[in-house]
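Note that full-length UniProt numbering numbers the sequence shown so that position 191 is 191, with each residue one more than the last. Even for Gly, the Cβ is constructed at its ideal location relative to N, Cα and C. Below: the structure, in structure tokens.
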Amino acid sequence: MGSPFGIPIYVSPTWFIVAILITLWFEPVVQARLHTSNLGGYLIAFVFAVLLYVSVLLHELAHCVVARMFGLPVRRITLYLLGGVSEIEKEPQTPGREFWVAFAGPLLSLGLAGAGFVFDRFLADDSVVGVLVLQLWFANLVVGVFNLLPGLPLDGGRLLRAGVWKITRNPGSGTVAAAWVGRGLALLLALTPFLLGLLTGAFDFVMVIWAAILSAFIWFGATQALQSARVQARLPHVQARALARRAIPVTADLPLAEAMRRAHEARAGALVVVDPAGTPLALVNEAAVTATPEHRRPWVTAGSVARTLEPGLTLPADLSGEALIEAVRRNPAGEYLLVEPGGGVYGVLSTSDLEHVFARS
1 MGSPFGIPIY VSPTWFIVAI LITLWFEPVV QARLHTSNLG GYLIAFVFAV LLYVSVLLHE
61 LAHCVVARMF GLPVRRITLY LLGGVSEIEK EPQTPGREFW VAFAGPLLSL GLAGAGFVFD
121 RFLADDSVVG VLVLQLWFAN LVVGVFNLLP GLPLDGGRLL RAGVWKITRN PGSGTVAAAW
181 VGRGLALLLA LTPFLLGLLT GAFDFVMVIW AAILSAFIWF GATQALQSAR VQARLPHVQA
241 RALARRAIPV TADLPLAEAM RRAHEARAGA LVVVDPAGTP LALVNEAAVT ATPEHRRPWV
301 TAGSVARTLE PGLTLPADLS GEALIEAVRR NPAGEYLLVE PGGGVYGVLS TSDLEHVFAR
361 S
């Protein structure tokens, strides 16, 4: 779609669904105020849908611009069914930065609402521009206020997280608190249409559907945040040395069956392909070994099921925590060679072992 400020913008196919729904919903409003033709009413309603998502895009850009000011890399912005999402690759390092990155979006939405409200005072109620501005400033007011609700994954949840982080000096505590509040908001939002129905005696089916969609979005986002907090709590204890498998050297032309026999005899969990001088060249891939039928292994060489040690597949054995995870993310692979500061081989780190650590979280 474009790259304002160097940030790629993507539009999900679900955006077109919501654009059609907004157009169908807004067309009767246009007709009631402007008494235009059916085609004209739908065109104006579609323009409103586009402008609404432009304001959502500006909301997300505000997050990204502030994130960039703090040196946080931004991958992209995606517009989808429920609005937009900014993919910021790293978390802010202080609660203050977390606060400003989170607050930038709602602040811009409320600023648009305020500017639209003032501008609307000078427009005729029965003009196309007047109808669009009225609905847009009100929509931005709703977007701004809704996003300030204090529960993850909403911006207000990140503000709450920043506050708890500041008080406790523990970002994990902030995440857990904001996530549980988010779950509470999700339940309250799901019940709201039914509570209103009991009070008014009339149930709005469309409101029930939207409340269900939004509450599900908040609930799953909050749940994901809780899982992330558990992973973050475990991160400092994740050490490459502790997860390393003992490895033995083999030549590339050695039959796989013999290589595995030697590994079993040495109680090793990994195989490193080396040259005649003993220099590591490749790592035998566990998934490729598993996929090789046992009766074929005497005729398959270790080198044929190994991955060459490309840059990024050799890691310091002392890596731990976020540094270890970041190194693995930068160069996805099944196995990594762990080396000592002096260059000696310590062992092999298997991605599956790393995944099992977080699966237990």
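Considering Cα atoms alone, identify which of the options is closest to residue i.
i, options, result
"Asn331", "Leu309, Leu108 and Val118", "Leu309"
"Ala333", "Gly344, Pro311 and Asp318", "Pro311"
"Gln232", "Ala268, Leu196, Val66 and Thr175", "Thr175"
"Asp253", "Phe203, Arg267, Leu214 and Ser304", "Ser304"
"Val357", "Arg261, Pro276, Ala240 and Thr292", "Ala240"
"Tyr336", "Thr314, Glu355 and Asp318", "Thr314"
"Tyr346", "Ala242, Val300 and Leu199", "Ala242"
"Leu235", "Leu34, Thr168, Gly172 and Leu152", "Gly172"
"Lys90", "Tyr80, Arg68 and Leu57", "Arg68"
"Lys166", "Gly96, Arg33, Pro153 and Pro298", "Gly96"
Do residue i and residue j have their CB atoms nearer than 8 angstroms?
i, j, result
"Gly144", "Pro150", "no"
"Val250", "Leu324", "no"
"Leu281", "Val289", "no"
"Phe220", "Leu82", "no"
"Gly78", "Val85", "Per the sequence shown, residue 78 should be read as Thr rather than Gly. Closer than 8 angstroms, so yes."
"His59", "Ser109", "yes"
"Leu338", "Ala317", "yes"
"Pro106", "Asn147", "yes"
"Thr192", "Ala211", "yes"
"Leu134", "Asp120", "yes"
"Phe203", "Gly197", "yes"
"residue 364", "Ala266", "Absent from the structure is residue 364, since the part of the chain shown begins at 1 and ends at 361."
Using the C-alpha atoms, what's the distance from residue j back to residue i?
i, j, result
"Ile209", "Ala190", "9 angstroms"
"Phe5", "Glu340", "42 angstroms"
"Gly342", "Ser320", "18 angstroms"
"Ala19", "Cys64", "24 angstroms"
"Leu132", "Ala162", "36 angstroms"
"Trp180", "Arg75", "28 angstroms"
"Val164", "Ala257", "56 angstroms"
"Tyr53", "Ala62", "14 angstroms"
"Asp353", "Ala268", "15 angstroms"
"Leu24", "Gly130", "19 angstroms"
"Glu98", "Gly71", "12 angstroms"
"Glu355", "Ile7", "31 angstroms"
"Ala259", "Ala302", "7 angstroms"
"Ala327", "Ile44", "50 angstroms"
"Ile88", "Trp15", "21 angstroms"
"Arg296", "His264", "18 angstroms"
"Gly344", "Val272", "13 angstroms"
"Val201", "Leu195", "According to the sequence as given, residue 201 is Gly; it is not Val. Their backbone Cα atoms lie some 10 angstroms apart in a straight line."
"Ser12", "Leu21", "15 angstroms"
"Glu322", "Ala139", "40 angstroms"
"Pro73", "Arg183", "29 angstroms"
"Ala359", "Ser228", "11 angstroms"
"Leu199", "Arg329", "52 angstroms"
"Pro92", "Leu57", "21 angstroms"
"Trp299", "Pro293", "11 angstroms"
"Thr279", "Arg230", "39 angstroms"
"Arg261", "Ala277", "22 angstroms"
"Tyr80", "Met207", "20 angstroms"
"residue 441", "Ile213", "Because the chain is modelled from 1 through 361, residue 441 falls outside the range shown and cannot be assessed."
"Ala287", "Ile17", "41 angstroms"
"Ala291", "Pro255", "15 angstroms"
Spatial neighbours of residue i within its chain, please: CB distance less than 6 angstroms, with the 5 preceding and 5 following residues excluded, ordered by chain position.
i, result
"Ala270", "Arg245, Ala247 and Val348"
"Thr351", "Gly334"
"Ser215", "Ala186, Leu189 and Ala190"
"Ala102", "Asp155, Arg158 and Leu159"
"Pro153", "Gly221"
"Trp100", "Val66"
"Phe46", "Thr23"
Apart from the five residues just before and just after residue i, which ones in its own chain have a Cβ nearer than 7 angstroms to its Cβ?
i, result
"Gly41", "Glu27, Val30 and Gln31"
"Phe122", "none"
"Leu226", "Val176 and Ala179"
"Ala124", "Gly130"
For residue i, collect the residues of the same chain with a Cβ closer than 8 angstroms to its Cβ; drop the 5 residues on either side in sequence, then sort them by chain order.
i, result
"Leu136", "Phe48, Leu51, Leu52, Ser55, Leu112 and Gly116"
"Ala104", "Ala62, His63, Val65 and Val66"
"Leu39", "none"
"Thr168", "Gly174"
Quiz item: Residue ranges of each alpha helix (DSSP H) run of no fewer than 4 residues wholly in the region 303-331, ordered along the chain?
Solution: 321-330
Practice problem: Let me know the alpha helix (DSSP H) ranges lying completely inside the region 223-250, each 4 residues or longer, listed in chain order. | Solution: 240-243
Quiz item: What are the complete alpha helix (DSSP H) segments, minimum 4 residues, inside the region 269-302?
Solution: 286-291
Exercise. Counting only runs of 4+ residues fully inside the UniProt domain "Peptidase M50" (48-119), write out the alpha helix (DSSP H) ranges in chain order.
Key: none
Practice problem: Only counting runs of 4 or more residues, tell me where the alpha helix (DSSP H) segments fall wholly within the UniProt domain "Peptidase M50" (134-191), in order along the chain. | Solution: 155-168
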